[in-house]
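Chemist: Line order of the protein sequences matches chains Z and A. Quick note, in this note's numbering, the first sequence goes up one by one and the last residue is 395. Quick note, in this note's numbering, the second sequence goes up one by one and the last residue is 718. Below you'll find the structure I mean.
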Amino acid sequence: MKGRIIILLAGLSMANPALAQDAAASQTVRAAVLRVDVPSLPPISRLDAPPEDLGFAGARLAIEDNDTTGRFMNQDFEALEIAATPESAPAEMDKLLAQGIPFIVTLADDAQTLALADQAGDRALVLNARARGDGLRGKDCRFNVIHAAPSHAMLADALAQFLMWKQWPNWFLIAGSHPEDVALADAYRRAATKFGAKIVEARTYEDTGGSRRSDSGHVQVQQQMPVFTQRAPAHDVLIAADENGVFADWLPYATWDPRPVAGSAGLVPRSWAPSLEAWGATQFQNRFEKLAGRPIREEDYQTWIALRMIGEAATRTQSTDPVALKEFMLSENFEVAGFKGQKLTLRDWDHQLRQPILLATDSVTASVSPQDQYLHQSSALDTLGFDRPETECKF
Amino acid sequence: MKAATAILTSALCLGFALPAAANRVFVSNEKGNDVTVLDSETLEVIGTYPVGARPRGITISPDGKELYVCASDDDLVRVFNPETMEEMHTLPSGPDPELFVLHPSGNPLYIANEDDNLVTVVDTQTHKVLAEIPVGVEPEGMGVSPDGKVVINTSETTNMAHFIDSESFEIFANVLVDSRPRFAQFNDAGTKLYVSSEIGGTVSVIDPATQAITRKISFQIPGVLPEAIQPVGVRVTGDGSKVFVALGPANRVAVIDGETDEVQDYLLVGQRVWQMAFTPDEKYLFTTNGNSNDVSVIDVATLKVVKSVPVGQQPWGVVVAPN
């Protein structure tokens, strides 16, 4: 790498002065990725076990990308990687704030994201790369938080648009018993009202703490799932709201009525999928897989885009001043490319990143919302999630 | 070519003025791993030939004797005899070659390596790599000035047009443009450089002498979402008077006045229009339409789309033989 840098600096000495003032001293933009790992049972599928470098691998690719551009701008980027527990997270946040790190990407649940944001206050900008609750973008919104992760409402609306296009307006909703599941189910209720679907019945799948996966698990499950889903009113599709991976993966092919499954299994609304090939995504997937040695996860994409937002702001403002970068990111001039076929921008009313949502099965990206039929006066992306007139966020 | 020769011979015998000669049109099919060859006069498919994995960028030597294809997933450039479509040899390209441009003299070839942030320079005679030039993230568009002195590379994630000295292989200027710059094209006079930005939705007009952006052209099409307007391929008529810009999923080709930089017209073509190529006499402009798997043929004089020709899977690039 050294060799390349030297070649480039030689190039820069002749370069456009606007883009390269002083080849000797590059300035550093400092950031950190704080991942809060909640101890939990293994997921239903061994394929979904979280990798050690979850989110961090996305950060490494973003820093590589930012640094490559930075060489032409005399800018350097770094991101510390911190894996914390729910108990140690506040202390880790304190350490980052004490070091004066101005940008902190968090991978945490809703409650912890909010607590960390309040802890940071005006000392750091928090970029939320995991928490999906609508409350964080609504009544609990904070001015110092940018949401790179899509919200429950965006995901539910994205799926709802597709189901309405498919003319499957009758939904059988099954939600888990955790608070996040209830919140996600509420997002599906809201989406049904918004797009004219009908939830013919809603059931709760209690998490009784039993083994999700064992040698004989499928034997039991094969009996349980048909029984659990029987005697539902006529419906077109079953929607699962299961944020903790307790039951949804067992639903396809096991429902009492032969109906497709969507939501947390089957056709899943996601910020990213390793199957996407359009819009240059193939190159992005190749670069990620070469770096990480595994397919990309949503947390990696969301961390990558969060750090790319910082890099893009540094390129466009030709500055590394955190205040200038924050201001630019929150201005109407900000846009970033994220391999989703259009520019991504921030909603000024809740600091949510506008983005298309992929509808993916295990093997393919089956569709991308917003669907063409849903129009909007300012941005079709605002047909997903809470729009300006609906927001409960007050900064 | 047989058919073309026959027509020419009969024309000569009868003492007519020479009709426009038929040229072979080569279309790379990214997902079909092949090249479809068309006849530029009859607009019929002559044949389809395998060319390696994920063919994208395609170009031909000035003498028409070597057809170059970026076989992206084979990590090399394959060189074919344009008459027989038999592979003659390969060129080292560096990983994931996407687009390239030939020096006006026919040598060397400048290749964008999309996955590796490099531009690789290859001697087409000796088949040796002359240089690897580090550029921005996801290099894609490649342009060369008419005098051959300046090579342009656009990097899609860095969002710059890099000006490279074609002799020293050093970058001497970087111009920040809008998001995801895809293509760089000089006019023949060398007075304007056009750089398309796919996500930004604009074409930057750059003065090559000062490397300053003199104009940003944006596009509005009634009934088409602004997000769907994604400029990719750019071609300029020899006299510089008309600039054609492929607008991707807007399914249109924009026609721009080369003097005033104003958009004159939008031509409806196939779905996800990507790259374009003129016939040598500039009678026709061919466009590759990746989602409808066809090629649209534009009559340049009347600005009418005269025909669509089905080709292979996901047509990406197109080049027309010079002879």
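From the three backbone atoms N, C-alpha and C, an ideal C-beta is built for every residue, glycine too.
(1) Please state whether the Cβ-Cβ distance between Y188/Z and F247/Z is less than 8 Å.
(2) Near I63/Z, which residues of its chain fall below 8 Å by C-beta distance, leaving aside the five closest residues on each side in sequence?
(3) Any contact of the stretch 80–91 of chain Z with the stretch 103–123 of chain Z, i.e. 3+ C-beta pairs under 8 Å?
(4) What do you get for V392/A, buried or exposed, if any count of 16 or more other CB atoms within 10 angstroms of its CB means buried?
(5) Is DSSP giving Y374/Z helix, strand or coil here?
(6) Taking only beta-carbon positions, decide if S574/A is within less than 8 Å of chain Z.
(7) What would DSSP say about A23/Z, mapped onto helix, strand or coil?
(8) Pick helix, strand or coil for A187/Z, following the three-state DSSP scheme.
(9) Would N424/A pass as an interface residue toward chain Z - the criterion being a Cβ-Cβ separation below 8 Å?
(10) Does V539/A pass the burial test, meaning 16 or more other C-beta atoms within 10 Å, or should it be called exposed?
(11) For G442/A, return the contacting residues in chain Z, with the cut-off set at a CB-CB distance below 9 Å.
(12) Would you check if there are 3 or more beta carbon pairs closer than 8 Å linking the stretch 627–639 of chain A to the stretch 676–695 of chain A?
(13) For T553/A, count neighbouring Cβ atoms within 10 angstroms of its own Cβ and tell me buried if that reaches 16, exposed if not.
(14) If you scan the stretch 230–297 of chain Z from start to end, which runs of the beta strand (DSSP E) of 3 or more residues do you find wholly inside it?
(15) Assuming contact is defined by CB atoms lying nearer than 8 Å, are V648/A and Q659/A in contact in what I supplied?
(16) Identify the contact partners of I594/A in chain Z, using a Cβ-Cβ distance below 7 Å as the criterion.
(17) Mapping DSSP to helix, strand and coil, what is E332/Z?
(18) Counting pairs of Cβ atoms below 8 Å between the stretch 255–268 of chain Z and the stretch 606–621 of chain A, do you hit three or more?
(19) Whole angstroms are fine: how far does the CA of A466/A sit from the CA of V722/A?
(20) Count the other C-beta atoms from every protein chain shown that fall within 10 angstroms of the C-beta of A556/A, then say buried if there are 16 or more, exposed otherwise.
(21) Give me the subset of the stretch 525–540 of chain A whose CB atoms are less than 7 Å from a CB atom of chain Z, sorted by chain position.
(22) Assign F639/A to buried or exposed, taking buried as 16 or more other Cβ atoms, counted over all protein chains shown, within 10 Å of its Cβ.
(23) Among all the DSSP beta bridges, which residues are the ones paired with R610/A?
(24) Taking 8 Å as the threshold (C-beta atoms), are V126/Z and I104/Z in contact?
(25) Does DSSP classify G712/A as helix, strand or coil?
(26) Below 7 Å on C-beta distance, what does D470/A contact in chain Z?
(27) Going by DSSP in three states, T682/A sits in which element: helix, strand or coil?
(28) Strictly under 8 Å for the Cβ-Cβ distance: is T552/A near chain Z by that measure?
(29) Would you please verify whether the beta carbon of Q352/Z is less than 8 Å from any beta carbon of chain A?
(30) If you run the structure through DSSP and keep just helix, strand and coil, what is F495/A?
(31) For T383/Z, which of helix, strand or coil comes out of DSSP?
(32) Let's test the definition: count the other Cβ atoms within 10 Å of the Cβ of F718/A and tell me whether it reaches 16, buried, or not, exposed.
(33) Could you tell me the distance, in whole angstroms, from the CA atom of A23/Z to the CA atom of S456/A?
(34) On the DSSP bridge list, what partners appear for H522/A?
(35) Can a CB atom of chain Z be found closer than 8 Å to the CB of N569/A?
(36) Look at the alpha carbon of L34/Z and the alpha carbon of A83/Z, and state the distance between them as a whole number of angstroms.
Modeler: In short, the structure shows the following:
(1) Mapped onto the first sequence, residue 188/Z falls at position 188. Mapped onto the first sequence, residue 247/Z falls at position 247. Result no, Cβ atoms of Y188/Z and F247/Z do not sit closer than 8 Å.
(2) Counting from 1 along the first sequence, the entry for residue 63/Z is found at position 63. Excluding residues within five positions, the ones whose Cβ falls inside 8 Å are F77, E78, A79, L307.
(3) yes
(4) Because chain A is modelled from 396 through 718, residue 392/A falls outside the range shown and cannot be assessed.
(5) Position 374 of the first sequence, counted from the first residue, corresponds to residue 374/Z. The answer is coil: DSSP assigns Y374/Z none of H, G, I, E or B.
(6) Taking the first residue of the second sequence as position 1, residue 574/A is located at position 179. Judged by the 8 Å Cβ criterion, S574/A is in contact with chain Z.
(7) On the first sequence, position 23 is the one that residue 23/Z refers to. A caution first: A23/Z carries a pLDDT of 46, below 50, which makes its placement in the model unreliable, though a value can still be read off. A23/Z: coil per DSSP, three-state reduction.
(8) For the purposes of this step, residue 187/Z is taken as the residue at position 187 of the first sequence. Helix at A187/Z.
(9) For the purposes of this step, residue 424/A is identified with residue 29 of the second sequence, where counting begins at 1. Chain Z contact via Cβ: absent.
(10) Working through the second sequence from its first residue, we reach residue 539/A at position 144. Counting Cβ neighbours within 10 Å, V539/A comes out buried, since at least 16 surround it.
(11) For the purposes of this step, residue 442/A is taken as the residue at position 47 of the second sequence. Per Cβ cutoff of 9 Å: no residues; G442/A is ~28 Å from chain Z at best.
(12) yes
(13) As a first step, residue 553/A must be located in the second sequence, where it is residue number 158. With 16 or more Cβ atoms within 10 Å of its Cβ, T553/A is classed as buried.
(14) 237–241, 261–263, 268–270
(15) Within the second sequence, residue 648/A is the residue found at index 253, counting from 1. Within the second sequence, residue 659/A is the residue found at index 264, counting from 1. Contact: no.
(16) Sequence index remark: in the second sequence, residue 594/A carries index 199 (1-based). Those within 7 Å of I594/A in chain Z are A337, Q342, K343.
(17) Translated into positions along the first sequence, residue 332/Z becomes position 332. Reduced to three states, the DSSP call for E332/Z is coil.
(18) no
(19) Outside the modelled stretch of chain A, which goes from 396 to 718, sits residue 722/A, for which no answer is possible.
(20) Within the second sequence, numbered from 1, the residue matching residue 556/A stands at position 161. By the 10 Å Cβ count, A556/A comes out buried.
(21) P529, G531, V532, E533
(22) As a working note, residue 639/A is residue 244 in the second sequence. Its Cβ being crowded by 16 or more others within 10 Å, F639/A is buried.
(23) The count along the second sequence starts at 1 and reaches residue 610/A at position 215. DSSP output for R610/A lists V600/A as bridge partner(s).
(24) For the purposes of this step, residue 104/Z is taken as residue 104 along the first sequence, with counting starting at 1. For the purposes of this step, residue 126/Z is taken as residue 126 along the first sequence, with counting starting at 1. Cβ atoms of I104/Z and V126/Z: closer than 8 Å.
(25) Here residue 712/A corresponds to residue number 317 of the second sequence, with the count starting at 1. Reduced to three states, the DSSP call for G712/A is strand.
(26) For the purposes of this step, residue 470/A is taken as residue 75 along the second sequence, with counting starting at 1. Within chain Z, no residue comes near D470/A; the closest Cβ sits about 11 Å away, beyond 7 Å.
(27) Counting from one through the second sequence, the residue named residue 682/A turns up at place 287. It is a strand residue.
(28) As a first step, residue 552/A must be located in the second sequence, where it is residue number 157. Yes, T552/A counts as interfacial toward chain Z.
(29) Numbered from 1 along the first sequence, position 352 holds the residue referred to as residue 352/Z. So, not an interface residue.
(30) Along the second sequence, read from residue 1 onward, the residue named residue 495/A stands at position 100. Correct three-state label for F495/A: strand.
(31) The residue given as residue 383/Z occupies position 383 in the first sequence. The answer is helix: DSSP assigns T383/Z an H, G or I state.
(32) One-based indexing of the second sequence puts residue 718/A at position 323. It is Asn, not Phe, that sits at residue 718/A in the sequence shown. N718/A comes out exposed.
(33) Reading the first sequence from its first residue, position 23 is the one you call residue 23/Z. Reading the second sequence from its first residue, position 61 is the one you call residue 456/A. Note that A23/Z scores 46 on pLDDT, short of 50, meaning its location in the model is unreliable and no value can be drawn from it.
(34) Against the second sequence, residue 522/A aligns to sequence position 127. According to DSSP, which records beta bridges pairwise, H522/A is partnered with nothing at all.
(35) The sequence position of residue 569/A within the second sequence is 174, counting from 1. For N569/A, the answer is yes, since a Cβ of chain Z falls inside 8 Å of its Cβ.
(36) Counting from 1 along the first sequence, the entry for residue 34/Z is found at position 34. Counting from 1 along the first sequence, the entry for residue 83/Z is found at position 83. Near 6 Å, if we compare the C-alpha coordinates of A83/Z and L34/Z.
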